[in-house]
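Reading through the structure tokens given below for one structure.
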Amino acid sequence: MKILTKKNYFCLAFLLFTAQNFFTLPFNDKLSSEELSKIEEGQVLIRKTGSIKKICLETKNQAVIEALKSIIDLDPAYLAEVIQVRPVENNDDIIQKTHGILVDIPSYVGIPYWSERHERYFDLYASAKVVSQEKKGDSEHISAILEMSPIGNIDTDILIYRSEDLLLYTNTNLNDLEYGKIKCISKKNMKSVIIVFKEDGKWILYGIGGVEAPKILFFKNRIEVSFMNRIKTFCNFVFEKL
4 MKILTKKNYF CLAFLLFTAQ NFFTLPFNDK LSSEELSKIE EGQVLIRKTG SIKKICLETK
64 NQAVIEALKS IIDLDPAYLA EVIQVRPVEN NDDIIQKTHG ILVDIPSYVG IPYWSERHER
124 YFDLYASAKV VSQEKKGDSE HISAILEMSP IGNIDTDILI YRSEDLLLYT NTNLNDLEYG
184 KIKCISKKNM KSVIIVFKED GKWILYGIGG VEAPKILFFK NRIEVSFMNR IKTFCNFVFE
244 KL
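See the structure below:
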């Protein structure tokens, strides 16, 4: 019979405490203990997820599940998640604030983007123009042209839904995208989803972006740097601005 030492007791207590906190959050065991600790501390976690099988969000909220479906159906070769958890207290206006940031399309130009290649900051988008905007009830549909150097113009379809305790944002490219005059991403193959929802007394801020494109050497580095980093930058900017 093994004796429970003081050291083992504290290890067991820590594991039980971590497990208890883990299962009160809408995440699965794809998160490492380090990632979970970062979330519990209120920090923004950026995950290079890589595959839909490694998505860490797990919830029974049907609206959230449906919003994720567009990413899952795409089954992207490149995937990243951006996550933050905030208390409900003192964050009553978080849906309104997030909505205000996301619908202000021209302000996308001012988002700072760190270029690994040039080792300096650039604007995330060179220009951002609204082509049309339609609102019906709690839903909005925005057509925009976002100019991203060196890619050029991205015809963008934006869908937003918000209620008292839920916000859904989906961003999809509607034209083929080229890098150095070579087509690298087909239309509707680059998607970003931002979800803000309330669960177990906490606000869950969750962003996920995916690109379906060939994982060949020439494309791989450019897509990860030029596209995925921009998706992560956008989600991170929104969360940090709240």
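Going by the working numbering, the first residue of the sequence shown is number 4, and it counts up by one from there.
Cβ coordinates follow ideal geometry from the N, Cα and C atoms, glycine included.
Asked: What whole-angstrom Cβ distance do residue 199 and residue 98 have, given they're in contact under 8 Å?; Found: 6 Å
Asked: Extract the residue ranges of the beta strand (DSSP E) inside the stretch 114–138, only unbroken runs of 3 or more that lie entirely within it.; Found: 115–118, 123–126
Asked: The alpha helix (DSSP H) that contains residue 73, what's its start and end?; Found: 65–77
Asked: In this structure, does DSSP put residue 62 in helix, strand or coil?; Found: coil
Asked: Quick one: residues in its chain with C-beta nearer than 6 Å to the C-beta of residue 135, no 5 flanking neighbours on either side, listed in chain order?; Found: 146
Asked: Which residues in the same chain as residue 177 place their Cβ atom closer than 6 Å to its Cβ, once the five residues preceding and following it in sequence are excluded?; Found: 158, 160, 190
Asked: Give the DSSP-derived three-state secondary structure of residue 219 in the structure shown.; Found: coil
Asked: Please state the DSSP three-state secondary structure of residue 44.; Found: coil
Asked: Look up residue 240 in the DSSP assignment and say whether it is helix, strand or coil.; Found: helix
Asked: Please classify residue 27 as buried or exposed, where buried requires at least 16 other C-beta atoms within 10 Å of its C-beta.; Found: exposed
Asked: So who's on the other strand from residue 166, going by DSSP bridges?; Found: 169
Asked: Residue 182 bridges to which residues according to DSSP?; Found: 185
Asked: Taking residue 115 as the reference, give the member of 107, 126, 106 with the closest Cα.; Found: 126
Asked: Between which two residues does the alpha helix (DSSP H) holding residue 106 run?; Found: 97–106
Asked: Rounded to whole angstroms, what's the CA-CA distance from residue 168 to residue 182? Just pull it up for me.; Found: 39 Å
Asked: Hey, how far is the Cα of residue 103 from the Cα of residue 242?; Found: 12 Å
Asked: In terms of residues, what are the limits of the beta strand (DSSP E) holding residue 2?; Found: Because the chain here runs from 4 to 245, residue 2 falls outside it and cannot be looked at.
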